[in-house]
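I have placed the structure first, in the form of structure tokens, so that the comments after it can refer back to it.
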Ligand SMILES: [Zn+2]
């Protein structure tokens with residue numbers, strides 16, 4: 058009896074659902090760089106309706122205008138007669154006679170190489186098509202919705218070449234020539250990009266969460282390094298998180314071969330010829346990634362010499378940690394996202410700043426970086442870059458206005474100043490609670506309180522955060538997050554037994570790579586794998602470098618210090634490793650100093666108090 062009722066109910070529901078849904082058909086067996094899309098429309102009960110593509114999507118904090126890539130848009134009735142369509146602005150199509158609407162069809166242009174000069178879509182949010190190789194599909198670039206009807210379910214059927222498989226966190230049925238996906242509504246569709254690739258995936262079980270790693274890179278050896286780097290990232294995440302709030306997660310990676318550009322960048326020879334070459338090779342590609350609730354999509358370069366797996370580790374950890382903020386902890390502006398008229402939240406300090414800080418901390422606590430390397434290679438560059446942004450504009454003001462000038466150009470500080478702010482907030486929480494709480498425990502607690510489907514109140518959230526931790530924490534927010542005070546790094550670092558000097562004058566080591574000070578010089582290009590190349594080395598240069606030696610900047614700093622981080626006496630022997638003809642070699646030379654200034658110098662205190670020792674331990678290992 059029970060069963061009959063249930064099956065009748067189910068039949069009834071599916072009957073209603075059949076009409077009230079979007080049924081899309083997409084053909085990936087393309088001839089040109091355009092993908093044809095057809096929509097069997099749900100019934101429309103009004104004379105005129107707007108069919109729209111997103112102006113933006115969550116996590117990009119930028120105007121995308123996906124509608125710019127839609128061409129040959131047609132609306133038809135059941136008899137195949139065309140209905141009148143007018144395009145309004147970049148993203149909206151107004152359809153007349155909509156009660157008779159049966160079918161919509163259009164072509165989607167590849168946003169990666171559409172040659173757009175202005176406001177090109179950031180690649181991880183766009184679409185890339187290469188017949189027989191890959192299709193990178195962000196669904197905002199592919200599919201639209203009718204106004205007021207974003208809550209209907211979606212069903213999408215792809216016709217595709219047999220050598221390609223699609224990967225997504227969306228439920229799919231895979232056949233040789235077709236794949237069918239379904240999404241509960243437009244939000245769910247936007248949240249689940251799809252990568253069609255010819256290459257094999259890898260899997261990793263992280264506690265309760267099964268991770269699928271799907272990738273495309275046209276250099277064969279890549280998948281091994283790619284998958285290894287991603288798995289190492291998840292091993293570090295596993296040590297930091299306990300049970301994660303998702304059971305499945307998909308990493309969608311696209312690696313672009315830029316080894317030729319890497320050679321130029323590393324050489325530091327930026328003459329006109331090389332600059333033109335670089336422009337041709339890299340063009341206006343934007344490398345990076347975009348987070349989604351149960352997946353993330355990456356567009357990253359391989360600059361050669363296996364440098365990209367280390368980049369990958371940084372980015373993968375950051376993107377995954379977004380499952381906490383904003384995906385499990387966000388205000389109503391994100392929870393009920395408006396794709397056409399988005400309202401920005403003022404809490405980018407939480408969504409991006411803290412996420413980036415956690416990524417740094419995970420690498421340290423997970424053993425991918427030592428504490429010293431974290432200070433020197435991760436935090437110091439952020440501190441230096443953070444200083445380039447004005448303290449005078451409060452973080453929350455920049456955040457709430459990030460679509461507009463002048464705030465738009467200040468967005469990137471979320472990864473620098475925002476991450477440092479996150480670290481200082483962590484120190485302050487540890488100090489006020491005597492190590493009973495950390496930023497991580499506070500954020501994880503709030504994620505439990507809210508989760509993916511419940512939004513916090515945009516206006517009262519900071520008060521709620523403070524109430525969870527300690528009343529005095531309000532001062533921190535007033536000064537640095539909603540206020541415009543200069544970040545108090547020295548005081549903050551002191552909490553965990555780290556000495557920090559924004560500026561220090563005194564005796565400092567001579568610069569081994571300054572021609573006038575020491576007789577040698579390095580190329581000025583990008584630093585690959587932490588090492589620079591010696592370009593000129595005069596006979597008798599201080600360190601004994603030879604041309605083409607590869608030397609680590611971090612190791613130069615460390616070579617002058619003893620175990621407690623103090624400079625060794627003048628004249629004592631410094632030992633420094635270089636890579637010469639692909640072999641490691643130790644150079645030995647006497648330490649030389651000069652009067653000078655160092656900036657943003659930090660070191661672990663040689664004699665910390667028991668309290669500092671305790672919080673240092675908590676910060677660096679996550680345990681007391
Ligand atoms: Zn992010």
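Residue numbers (the working numbering): 58 to 681.
From the three backbone atoms N, C-alpha and C, an ideal C-beta is built for every residue, glycine too.
Being a predicted model, the structure only gives us computed values, none of them experimental.
For residue 262, same chain residues with a beta-carbon under 8 angstroms away, outside a window of 5 residues either side, are 268 in chain order.
Burial state of residue 413 is buried, judged by a 10 Å Cβ sphere holding 16 or more other Cβ atoms. Annotation for residue 549: the continuous alpha helix (DSSP H) segment containing it runs 546-552. At a Cβ-Cβ threshold of 9 angstroms, residue 577 and residue 599 count as neighbours. Considering only 463, 310 and 587, the residue with the shortest C-alpha distance to residue 451 is 463.
Runs of the beta strand (DSSP E) spanning 3 or more residues and lying entirely within the stretch 114-153 occur at 127-134, 142-145 and 149-153, in chain order. In this model, residue 339 and residue 322 are separated by some 11 angstroms (Cα to Cα). For residue 504, the enclosing alpha helix (DSSP H) stretches over residues 496-507. Chain-ordered, the residues whose CB falls short of 6 angstroms from any heavy atom of ligand 1 come out as 348, 375, 379, 409 and 412. Taking the Cα positions, residue 287 is about 15 angstroms away from residue 359.
Here the stretch 342-353 makes contact with the stretch 372-386; the two share three or more CB pairs at distances below 8 angstroms.
Where residue 454 is concerned, the enclosing alpha helix (DSSP H) starts and stops at 452-457. Its Cα nearest to that of residue 91, the residue 166 stands out among 166, 396 and 478. Within a 10 Å sphere around the beta-carbon of residue 654 sit fewer than 16 other beta-carbons, which makes this residue exposed. Residue 168 counts as buried, since no fewer than 16 other beta carbons sit within 10 angstroms of its beta carbon. A straight line joining the alpha-carbon of residue 303 with that of residue 380 spans about 8 angstroms.
Within the same chain, 123, 124, 127, 148, 197 and 201 come within 7 angstroms of residue 110 by CB-CB distance, once the 5 residues on both sides are set aside. Look at residue 401 here: in three-state DSSP terms it is coil, with no helix or strand label. Following the DSSP letters along the chain, one finds residue 109 inside the beta strand (DSSP E) bounded by residues 105-109. Nearest neighbour of residue 94 by Cα position, chosen from 472, 435, 215 and 329, turns out to be 215.
The way I'd put it, the stretch 391-402 doesn't touch the stretch 362-369; fewer than three beta-carbon pairs between them come closer than 8 angstroms. Beta-bridge annotation (DSSP): residue 94 is paired with 83 and 163. In terms of Cβ geometry, residue 300 and residue 253 do not form a close pair [threshold 9 angstroms]. Residues of the same chain with a CB within less than 8 angstroms of the CB of residue 146, apart from the 5 flanking positions on each side, are 124 in chain order.
Between the C-alpha atoms of residue 188 and residue 274 there is a straight-line separation of about 14 angstroms. Fully contained in the stretch 157-235 are the following beta strand (DSSP E) runs of length 3 or more, in chain order: 158-166, 185-187, 191-194, 211-216, 222-224 and 228-231. The C-alpha of residue 174 is placed about 27 angstroms away from the C-alpha of residue 142. Here the alpha carbons of residue 676 and residue 493 stand approximately 12 angstroms from one another. The Cβ neighbour count for residue 483, taken over all protein chains shown within 10 Å, is at least 16; the residue is labelled buried. Apart from the 5 residues on each side of it in sequence, residue 182 sits with its Cβ closer than 7 angstroms to the Cβ of 114, 117, 121, 195 and 347 in its chain, given in chain order.
If you ignore the 5 residues before and after residue 409, its C-beta comes within less than 7 angstroms of the C-beta of 471, 472 and 475, all in its own chain and listed in chain order.
Between the stretch 499-506 and the stretch 385-392 there are three or more inter-stretch CB-CB distances shorter than 8 angstroms, so the stretches are counted as touching. Residue 329 and residue 192 do not touch by the CB rule: their CB atoms are close to 37 angstroms apart, not below 8 angstroms. Each residue's CA atom was taken as its position, placing residue 536 and residue 542 some 5 angstroms apart. Between residue 563 and residue 666, the CB-CB gap reaches or exceeds 9 angstroms. Considered as a whole, the stretch 270-320 harbours 305-314 as its complete beta strand (DSSP E) runs of no fewer than 3 residues, in chain order.
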